[in-house]
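S.K.: Let me give you the structure first, and then I'll get to my questions.
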């Protein structure tokens, strides 16, 4: 296991099943686990090597550990997992035409109260270091629904987008990633984020959901 400390971020190169039992309580988990649909091998993603990390969903023990160690959870791909019923889904509308061959939206399960909300941003137009990398703005939007969460955990850190969002918004971050290549990318991205001026120095406000155009 390798550990890096960058700003207010603590990053582990390890299997999250090994690290989670060693962690104390955190305010929230914001994560994007493998969906188990083999997306890394999709021919559309020729840029990325064909690893087998997305061939199965995470075991129940990981979700049990997440629930035990966090008060709030936002879990992308929640419709693929056996999670409890929820009142609030967060949805990423990828703004794609009806003939788009991949998913036109993605859903995040949460244990938050309130109605479902939608974020609209094209899946195109931003550089991806990981085949399922989310936009930083999307993860910052997620954090807006957790205004009182000081420490955020992502046990499937990937290329570190949640960590970058936390650095931008002044949150403490704990990230775990099993693949050395993506761990190194995450370290570089989070380090770069800490070198930039932070987006908000004033007290946090709740997220303002995007509205549908009339």
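In my numbering, the protein residues as written are 8 to 221. Every residue, glycine too, gets a C-beta built ideally from N, C-alpha and C. Small disclaimer: the values here were computed from a predicted structure and weren't measured.
Can you tell me where the alpha helix (DSSP H) with residue 176 in it begins and where it stops?
M.R.: 168-176
S.K.: For residue 91 and residue 23, what's the separation of their Cα atoms in angstroms?
M.R.: 22 Å
S.K.: Quick one: using the 10 Å Cβ neighbour count with 16 as the cut-off for buried, is residue 50 buried or exposed?
M.R.: The pLDDT assigned to residue 50 is 48, lower than 50, so where the model puts this residue is not dependable; a value taken from the coordinates is nonetheless given after this. Under this definition residue 50 is an exposed residue.
S.K.: Report the option in 166, 96 and 116 whose CA atom is closest to the CA atom of residue 122.
M.R.: The residue with the shortest Cα to Cα distance from residue 122 is 96.
S.K.: Helix, strand or coil: which one does DSSP assign to residue 80?
M.R.: strand
S.K.: Taking just the CA atoms, how far does residue 14 sit from residue 184?
M.R.: Residue 184 and residue 14: Cα-Cα distance of roughly 18 Å.
S.K.: Which stretch, first to last residue, makes up the alpha helix (DSSP H) that contains residue 147?
M.R.: 143-150
S.K.: Rounded to whole angstroms, what is the Cα-Cα separation between residue 159 and residue 178?
M.R.: 7 Å
S.K.: Is it true that the CB of residue 171 sits closer than 7 Å to the CB of residue 143?
M.R.: yes
S.K.: In terms of alpha-carbon separation, which member of 16, 70 and 188 lies closest to residue 157?
M.R.: 16
S.K.: Where does residue 133 fall in DSSP's three states?
M.R.: coil
S.K.: Do you know offhand how far residue 117's Cα is from residue 74's?
M.R.: 11 Å
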